[in-house]
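**Q** Provided herewith is a single structure, encoded as C-alpha cells, for subsequent inquiry.
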Amino acid sequence: IYEQFVFDVIEQAPNRKSKWEGSYLTIPIHRHIDLAQPELLQVLELPFDQVQYCICMPVQWTMHFDRIFPSSIQAARASGQNFSSCSC
C-alpha cells in the first residue's frame with residue numbers, strides 16, 4: 666500500500682494555476698515511474714517546489730493517517746477520498 670501511495674502522490678501532484686508553469690513536482694514526467702520509490706518521501710528534501718504542512722495533535726494525525734491508509738476497501742470508500750483515480 667505504501668509503495669502505491671508514493672506512486673499516487675507523484676501522479677496526482679498538483680499543477681500551478683497556469684498549466685504553462687507546470688507541476689509543483691520537480692521530477693520530469695518521463696522519470697515518474699522509475700523514481701516512485703518510498704525513499705523519495707523519506708528525506709527532508711522533498712521533490713516539490715513548494716509544500717504545505719500542518720503540525721497537529723496525535724488525534725488529528727491518526728484521523729488523517731486512517732484516511733490515507735484505510736483498514737479496508739469499505740473504509741476507503743467511506744472516508745471521502747477525493748482522488749478517484751488513486752487505487753484502493
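Just so you know, we're using this note's numbering here: the sequence shown kicks off at 666 and counts up by one.
Glycine included, C-beta positions come from ideal geometry on N, C-alpha and C.
So Ile-733 packs on Phe-670, CB below 8 Å; how close in whole Å?
**A** 7 Å
**Q** Glu-668 to Val-724, Cα distance in whole Å?
**A** 25 Å
**Q** Whole angstroms are fine: how far does the CA of Ala-678 sit from the CA of Ile-698?
**A** 13 Å
**Q** Helix, strand or coil, according to DSSP, for Phe-769 in the structure here?
**A** The requested residue 769 does not occur in the structure, where the chain is confined to residues 666 to 753.
**Q** Less than 8 Å between C-beta atoms, sequence neighbours within five positions excluded: which residues of the same chain meet that for Ser-688?
**A** Ala-678, Pro-679, Asn-680 and Arg-681
**Q** If you reduce the DSSP assignment to three classes, tell me which class Leu-709 lands in.
**A** coil
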